[in-house]
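Structure, as structure tokens:
In UniProt numbering, the protein residues as written are 1 to 711.
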């Protein structure tokens, strides 16, 4: 039976828009704190910006070179763009409907207001007059367009004010001009005289804009923003990859325009000029009835005084006592350690590297870096390790999208202190999360590893759900050594003991495990597959899951974002159920489970089931070998699967609805936040049981006087 028919697949790009719609639902959810709802609105904007920068840009490139092929769902690039336009226009309308009909009125009732210039008090007007002349006027640059001044270059995602200027009210002497709303100045200005009154920067600039065009009258003012193609591929055959990427980062800023957002009410004269200048059709035009670029809401949230009740309750990730009372190497040498962020602290992972940096027995540290924070304590520890004479080898992936500049900086910093820095592999992004510490101990060389599902980033570790294992397992140590040799040299190990590596290795192993489930079902045994990932779009894996479903294997999938798989296809996907959890935290872990005839197998990975991850990246998948940790992980999945508050279920018409049932309400993320100490302590009690002596307690009997003793 063939499982690769176009009608068996959803479009990757349209599925992504559906994901952003699920995020928008959180902005409209009255059970979320009000300012968090506003934050979700900003997240949908940030998601859309990157989507146009990369995915929409990629489709336009296919059209420009005359590519007429189709995606797995049978859609050409042109049809995908048409579908995207329809869905995104609806999404944007819903964004602003939620903002004006739900969020702003509720914020106003909490005395949190975004005001117009017409609404400010005299005191606030005086403040803004001074603010404009002291802080804005020196920064602003009016740019007129005429025969001697060509249309100015405008950078990606910058907010601009377009206007017409007229001299002496002579319609014949009319020109177009633009003023960029400067990124260097706060987009949201807090006003005096009220605890939480705010005004947007563009409102202030519009009010005083005539002062930038002395002798002219400014009119028909309206904001607009362009989104450019930011997708690029570095020439990896160059002799200097770092130099090539620096050059491409500069070149990326000049990409063609993919989207034009304009303020509702913009004059036809200005709109026609912009459409012509940027070669935008109606599919790429978004008329916005409200403030353009809702990323600004995050700036407002940070400035609100008080109102902690309008935010998610803050929590401190838990650090088990046993990890505070000994070094990481002492703990790992006794048993494997499991961490589940952000419920568990990221500190053990940072301690693993920082303790190694100052440990006299440490000989070498090897590590992969994909995304780290701007003030990364792990980078600091690696630098200290090199300065302390350790051999430090770090693979810094220079091609990590939108982190290229940050990674270029860290690669340079690490090299300066003597670290061996590898810039990745030709043709492949290195996305695996692996760190190894080599120590000289009494019994010889010993290797300690950390393997995880998420980045070595102390900031996102507080926001993303990820998992990791720290171990000194000998076979995994051999595999880790071979992986680093492969990354740093020309080594090609013929096999790995326990670890799986993509390209191809992870897909092949997952398909092998799926085939075993199919075989068991055919023999009348139970077959069960449970997975969690960010995205599911790899055609080969989807076809294999269809094959398993058709054979009778029960399949549970938790997919946060893109899902090309379709459910409810008779004889194909009847046995597949797909959930998606969107909530307070970003679900980022990758978990793969197989029932295996009762000998349950659990794997964690850096890889989603996408073609790019399985075929074009170096990814890591590792087995959970410790029985206690494996059972713990299976229980965590049960909690996630039983979520009936923040989970949605995919239906056969490709729509998603909230999971609703008669069971007690369970918000899986909130449950794990509230019970993080209990959940972690229960596991660590199993991993590190207290030692009990077999000696019987001696019963104390008082001595009697000699004459009182029994004869």
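Beta carbons: idealized from backbone N, C-alpha and C, even for Gly.
- In the DSSP annotation of this structure, residue 454 is not part of any beta strand (DSSP E), being labelled neither H nor E.
- By the criterion of at least three beta-carbon pairs nearer than 8 Å, the stretch 514 to 531 is in contact with the stretch 543 to 561.
- Closest by C-alpha distance to residue 22, out of 598, 562, 610 and 131, is 562.
- Taking 8 Å as the cut-off, the Cβ atoms of residue 110 and residue 191 do not count as close.
- Rounded to whole angstroms, the separation of the alpha carbons of residue 181 and residue 199 is 14 Å.
- Collapsing the DSSP output to three states places residue 429 in a strand.
- The beta carbons of residue 545 and residue 487 sit no closer together than 8 Å.
- Annotation: residue 407 to residue 383 spans about 15 Å, alpha carbon to alpha carbon.
- Checking the DSSP bridge columns, you'll see residue 70 partnered with 76.
- A direct Cα-to-Cα measurement between residue 80 and residue 275 gives close to 22 Å.
- For residue 221, the uninterrupted beta strand (DSSP E) segment begins and ends at 216 to 228.
- Of the other Cβ atoms in all chains shown, fewer than 16 fall within 10 Å of the Cβ of residue 272; this residue is therefore exposed.
- DSSP places residue 533 in the uninterrupted beta strand (DSSP E) bounded by 528 to 533.
- Looking at 385, 560 and 430, the one whose alpha-carbon comes closest to that of residue 401 is 430.
- Pairing residue 103 with residue 41 gives a Cβ-Cβ distance under 8 Å.
- By the CB criterion at 8 Å, residue 372 and residue 456 fall inside the cutoff.
- Taking 8 Å as the cut-off, the beta carbon of residue 178 is found no closer than this to the beta carbon of residue 193.
- Residue 565: not part of any beta strand (DSSP E); DSSP gives it neither H nor E.
- For residue 352, the closest C-alpha among the options 448, 417 and 72 is that of 448.
- For residue 550, the enclosing alpha helix (DSSP H) begins and ends at 539 to 551.
- Per DSSP, the beta bridge partners of residue 464 are 586.
- Nearest in C-alpha terms to residue 323, of all of 314, 338 and 312, is 338.
- Burial of residue 646 is indicated by the presence of at least 16 other C-beta atoms within 10 angstroms of its C-beta.
- Setting aside the 5 residues that flank it on each side, residue 572 is surrounded in the same chain by 3, 8, 546, 549 and 550, each with a C-beta closer than 7 Å to its C-beta; the list follows chain order.
- According to DSSP, residue 623 shares a beta bridge with 603.
- Of the candidates 151, 44 and 83, 83 places its Cα closest to the Cα of residue 284.
- Judged by their CB atoms, residue 462 and residue 320 are not nearer to each other than the 8 Å cut-off.
- In this structure, DSSP gives residue 115 a state outside helix and strand, which the three-state scheme calls coil.
- Residue ranges of uninterrupted alpha helix (DSSP H) with 4 or more members, entirely inside the stretch 377 to 441 and ordered along the chain, are 377 to 387 and 404 to 416.
- It is roughly 27 Å from the alpha-carbon of residue 411 to the alpha-carbon of residue 465.
- Each of 215, 616 and 214 was checked against the Cα of residue 502, and the nearest Cα belongs to 616.
- Burial state of residue 153 is exposed, judged by a 10 Å Cβ sphere holding fewer than 16 other Cβ atoms.
- With fewer than 16 other CB atoms across the displayed protein chains lying within 10 angstroms of its CB, residue 133 is exposed.
- About 5 Å separates the beta carbons of residue 394 and residue 367, which is inside the 8 Å limit, making them a contact pair.
- Close CB contacts of residue 509 within its chain, under the 6 Å cut and outside five residues either way in sequence, are with 500 (chain order).
- Contact between residue 53 and residue 231 holds, with the beta-carbon distance rounding to 7 Å and staying under 8 Å.
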